[in-house]
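Numbering (the numbering used here), first residue to last: 280 to 388.
Only one structure is covered here, and it is reproduced in the block below.
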Amino acid sequence: VTGFVNSANFSSQVYALITGPEGKKSGQDVRLAGLTCLGELSAHGGLRTTAIDKVGAACVGLLLDYMEQESHEETLIYAARQLVKWLRRFKFNLPDRFYNFVKVSASYL
280 VTGFVNSANF SSQVYALITG PEGKKSGQDV RLAGLTCLGE LSAHGGLRTT
330 AIDKVGAACV GLLLDYMEQE SHEETLIYAA RQLVKWLRRF KFNLPDRFYN
380 FVKVSASYL
């Protein structure tokens, strides 16, 4: 369980790298590498537990936060692909944050 808690902390550090220091945007290569890292954390191979669900919910939240502020279309598509990797891991209930994101996004259509 400790490893998964560290994964949640690690994902927050990766998020800080891709969003850039003090509100400045990181370079495209750093953003793509960070998004890849967040997506690949979903391939941990562990059994479904509460701790894994918490890490998954944290990563989904970070990816959604990133997608809300990204304006580059190709990077948004790439972030969505990384998000799908995590969404596939949930067997029954997706994080509430995802449902809220879809509702808000649909209201812009």
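Every residue gets a Cβ at the ideal spot worked out from N, C-alpha and C, and that includes glycine.
task = Quick one: residues in its chain with C-beta nearer than 8 Å to the C-beta of Ala322, no 5 flanking neighbours on either side, listed in chain order?
result = A distance below 8 Å between beta-carbons, with the five flanking residues on each side excluded, links Ala322 to the following residues of its chain, in chain order: Lys364.
query = In this structure, does DSSP put Ser350 in helix, strand or coil?
reply = Correct three-state label for Ser350: coil.
ask   = Under the rule that 16 or more other beta-carbon atoms within 10 Å means buried, what is Ser290, buried or exposed?
value = By the neighbour-count rule (16 or more Cβ atoms within 10 Å), Ser290 is buried.
request  = Assuming Leu362 contacts Leu342 (C-beta within less than 8 Å), just tell me the rounded distance between them.
outcome  = Indeed, because the Cβ distance is near 5 Å, the residues count as touching under 8 Å.
request  = Spatial neighbours of Arg360 within its chain, please: CB distance less than 8 Å, with the 5 preceding and 5 following residues excluded, ordered by chain position.
outcome  = Result list for Arg360: Gly318, in chain order.
query = With C-beta atoms as the reference, is Tyr294 less than 8 Å away from Tyr345?
reply = Yes, the pair counts as a contact, with Cβ atoms nearer than the cut-off.
Candidates Glu353, Val339, Asn372, of which the one nearest Phe380 by Cα = Here the closest residue by C-alpha is Val339.
task = Return the Cβ separation of Leu311 and Tyr357 in integer angstroms, given the expectation that the two are a contact with Cβ distance under 8 Å.
result = Yes, they are in contact, since the Cβ atoms of Leu311 and Tyr357 sit about 6 Å apart, within 8 Å.
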